[in-house]
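According to my numbering, the residues represented by the sequence shown are 5 to 333, in order.
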Amino acid sequence: MSGDIALEVRGLCTRFGTEMDGLVVVDGVSFTLRRARTTAIVGESGSGKSTVALSLLGLIEPPGRVTGGQVIYRGRDLVQLDDRELRSIRGARIGIVFQDPLTSLNPALSIGSQIAETILAHESISRAAAMARAVQLLEHVGVADAARRAADYPHHFSGGMRQRVLIAGAIACRPEIIIADEPTTALDVTVQAKILRLLHDLQEEIAASLLLITHDLGVVAAMADDVIVMYAGRVVEYADVDTLFHAPRHPYTRALLACLTGVDDDRSSPFTPIVGAPPDLRAPPPGCRFAPRCPAAEPECTRWEPRARRLSSTQFVACRRVAETMDRG
């Protein structure tokens, strides 16, 4: 694996339910996470973004399971590791910030104890030293009066403060990779900006790679270096952030960007919604899964399953019509 690649995902597949009565939520997803850079995964709800994040670290709950593919980290395939081996990596080398801090934190333990437990699970230090570091981490992420607040419980904190606590836990062992799954969904806009700035600053401080799961293209534009666009469990486009926003090639990516409005946009012109709804993954349509909603679709699109084509060193697109344009030169 190249020296600038922190994590490589190859053909990842995750299924929920039985072989006879189930659905593939992540279907052949491949991408690379580069060192000290931010890669965002975007797409509508139900596209498989969060399932990818959980699959990487073996956190899919039954009846879900990873059924294929590889997740290569430091030459090891995380998919093949047992629970004990994965626990040695989770929290230590790969930290994760979950979407809902209230359900992610243990309501019966003080927040200082929870951060200290993460440290103790991976380092041979005393409990007193771990608690002292937990207080330092809380101070570092902006929790005022951290020495006192470390003894408080999750319900004593606001949503934004709980998210800061989760971030403190995620960086406690200075991981090489941070996975942030919709880290600001339940927060108001002002708090969102502060949390994202904190996450960005801490990532830079410890030179970690960040995998950011989000549906917010404004966040992507502000934070990401590279972007993965998912639709119905599959990657349809991958590009660096500038290329994605200025030269998107997949019709779904273009449709997402057409929905984006900013503070300086002309609000007299309504944004363009994407017609229709994502497919039922229990019985996905043949061919391109976006074809039923795509304004540029042709009959062949419903029969031909597009494969990812490289357009440049930083852009891949899975679209039959883009491939045809390339073949014609």
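Think of the CB as a built atom: it goes at the ideal place given N, C-alpha and C, for glycine as much as any other residue.
Taking the Cα positions, E304 is about 24 Å away from Q319. Q319 is bridged by DSSP to A243, S316.
By the Cβ rule, the region 28-48 does not count as touching the region 82-101, because fewer than three pairs are nearer than 8 Å. In the DSSP assignment, E89 falls within the alpha helix (DSSP H) that extends over 87-93.
Nearest Cα to I183 within the set S49, V231, A57: A57. Here D31 has C17, G237, R238 as same chain residues with Cβ atoms under 7 Å from its own Cβ, once five neighbours each way along the sequence are excluded. Among the bridge pairs identified by DSSP, Q74 is matched with R14. Its Cα nearest to that of H144, the residue A172 stands out among A172, I119, G163.
A distance below 8 Å between beta-carbons, with the five flanking residues on each side excluded, links M234 to the following residues of its chain, in chain order: V33, I45, V46, G47, S51, G52, K53, V56, V240.
Nearest in C-alpha terms to T107, of all of Y157, P290, D284, H126, is Y157. Three or more Cβ pairs drawn from the region 216-236 and the region 289-296 lie within less than 8 Å of each other, which places the two stretches in contact. Between the region 110-120 and the region 56-75, the count of C-beta pairs closer than 8 Å stays below three; the two stretches do not touch. Looking at H254, F161, E186, R201, the one whose alpha-carbon comes closest to that of R314 is H254. Between the region 145-154 and the region 176-190 there are fewer than three C-beta pairs closer than 8 Å, too few to call the two in contact. By the neighbour-count criterion, in which 16 or more other beta carbons inside 10 Å mark a residue as buried, V101 falls on the buried side. Between P299 and the set L27, M165, R258, the nearest pair of CA atoms involves R258.
About 13 Å separates the beta carbons of A10 and G99, which is beyond the 8 Å limit, so they are not a contact pair. For L85, the closest alpha carbon among the candidates R201, L63, P67 is that of L63. Collapsing the DSSP output to three states places F35 in a strand. Put simply, the backbone Cα of P288 is about 30 Å away from that of H250.
Inter-residue distance for L285 and A154 is about 44 Å (C-alpha atoms, whole angstroms). A Cβ-Cβ contact shorter than 9 Å links I199 with R168. Beta-carbon to beta-carbon, D220 and V245 are separated by about 13 Å, too far to satisfy the 8 Å threshold. Between D149 and the set V231, A134, M165, the nearest pair of CA atoms involves M165. For L191 and W308, the gap between their C-alpha atoms comes out near 42 Å.
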